[in-house]
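Student: Below you'll find the structure I mean.
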């Protein structure tokens, strides 16, 4: 009996030793998603809504499989126009035709992209090319939710007459979680001594912790939390202000770029749309437009789930039809 136990223990130890050697000889690339900004260099003062302001991010070209950042040596410039809205340069933006006042967070701001590659800029270009004069003033701010957007609108709405308020709604504007919440790496500081243990913990994170986090976001209780209630109220208030001013208010629902093919977040989007509908808010759901894509194919970088130029092009194409109708 004891001999069999010893043989089993020796066999298991030998197997673990072999795995340890293999994992050390052929290590996997460990891209840290806990703090994706550790790979990005900022040049200038990071600021938003400041007229004629500029700052620069330098993104790591070594992770750039698309070659997007390599074209400019990793450089992406962020500029603002005379109103503090994002623009292609720190100069005056010409106002022409129908004017759209754009609100939203980093997805709508175009974080990680040159401005001409954002869905806001692409949409304007497509409409103008089709003979329809539009001006989009992009007052989106990274990290903004509807409450912050309402504040921005109240401060800037008199800057220029506008015909439409367009709000780019990302899921974390109503349900509180960081963009990388589901993809974030586990903390491994205490298991670095063993590659086998590190491998096991990573797999546990991928299949157990990730499932738990998704379950939290799918839980119907999120729609009763103060964060959701307060931000839905802000959207309703924006809609009321627009209606009283003779301005259209339109919400576009932007997809979280995780589990696209599985359509994991469909129940959440359905509940969000139901709330918008009940509140009398006009909206367009863009989540079906990316269902056929692999998640990472639409990320700006392997560790940052902001939509890249491909995703923004898809959004713009869908929105062109939406705006062409009136």
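In my numbering, the protein residues as written are 704 to 1029. Where a beta carbon is used, it is the ideal one built from N, C-alpha and C, also for glycine.
1) Return the first residue and the last residue of the alpha helix (DSSP H) that residue 861 is part of.
2) Which residues mark the beginning and the end of the beta strand (DSSP E) in which residue 953 is found?
3) Going by C-alpha distance, which of 943, 939 and 967 is nearest residue 915?
4) With a CB to CB cut of under 6 Å and the five nearest residues on each side skipped, what residues in its chain are close to residue 1004?
5) Can you tell which of 849, 833 and 812 has its C-alpha closest to the C-alpha of residue 652?
6) Let me make sure I understand the geometry here. Which of 797, 787, 774 and 810 has the alpha-carbon closest to that of residue 757?
7) Does the structure place the segment 806-820 close enough to the segment 870-881 that three or more beta carbon pairs sit under 8 Å?
8) When you compare only the Cα positions, how much space is there between residue 770 and residue 815?
9) Would you kindly work out how many angstroms separate the C-alpha atoms of residue 918 and residue 796, rounded to a whole number?
10) Suppose contacts are defined by Cβ-Cβ distances below 8 Å. Is residue 942 in contact with residue 878 by that definition?
11) Are there 16 or more other CB atoms within 10 angstroms of the CB of residue 762, so buried, or fewer, so exposed?
12) Do you know how far the Cα of residue 754 is from the Cα of residue 794?
13) Is residue 840 near residue 1023, with beta carbons less than 8 Å apart?
14) In three-state DSSP terms, what is residue 820?
15) Helix or strand or just coil, what does DSSP make of residue 975?
16) Please name the residue, chosen from 988, 824 and 929, that lies closest to residue 1033 on a Cα-to-Cα basis.
17) Nearest CA to the CA of residue 961: which residue from 875, 947 and 951?
18) Rounded to whole angstroms, what's the CA-CA distance from residue 1028 to residue 835? Just pull it up for me.
19) Give me the residue from 933, 1001 and 982 with the minimum Cα distance to residue 990.
20) DSSP on residue 1011, reduced to helix/strand/coil?
21) Check this for me: beta carbons of residue 700 and residue 1015, under 8 Å apart or not?
22) Excluding the 5 residues preceding and the 5 following residue 893 in the sequence, name in chain order all residues of the same chain whose CB lies nearer than 6 Å to its CB.
23) Taking 8 Å as the threshold (C-beta atoms), are residue 934 and residue 866 in contact?
24) Does the Cβ-Cβ distance between residue 780 and residue 802 come in under 8 Å?
Tutor: From the atom records:
1) Segment: none, residue 861 is in no alpha helix (DSSP H) and carries neither H nor E.
2) 951-956 is the extent of the beta strand (DSSP E) around residue 953.
3) Of 943, 939 and 967, the residue nearest in Cα terms is 967.
4) So the qualifying residues of the chain are 766.
5) The displayed coordinates of the chain run from 704 to 1029. Any statement about residue 652 would go beyond what the structure contains.
6) Here the closest residue by C-alpha is 787.
7) Cβ pair count under 8 Å is three or more, so yes.
8) So the alpha carbons of these two residues sit roughly 13 Å apart.
9) Approximately 44 Å, taken between the alpha carbons.
10) Contact flag unset, no.
11) Classification for residue 762: buried.
12) Rounded to the nearest whole angstrom, the CA to CA distance from residue 794 to residue 754 is 9 Å.
13) Not a contact, by the Cβ cut-off of 8 Å.
14) Three-state result, residue 820: helix.
15) It is helical.
16) Because the chain in this structure spans residues 704 to 1029, residue 1033 falls outside the shown range and cannot be described.
17) Check the Cα spacing between residue 961 and each of 875, 947 and 951: the tightest is with 875.
18) About 11 Å.
19) For the set 933, 1001 and 982, the Cα lying nearest the Cα of residue 990 is the one of 1001.
20) Reduced to three states, the DSSP call for residue 1011 is coil.
21) Residue numbering for the chain in the displayed model covers 704 to 1029; residue 700 lies beyond these limits and cannot be assessed.
22) No answer about residue 893 holds up, because its pLDDT of 47 lies below 50 and its placement is not dependable.
23) The criterion of a C-beta distance shorter than 8 Å is not satisfied by residue 866 and residue 934.
24) No. Outside cutoff.
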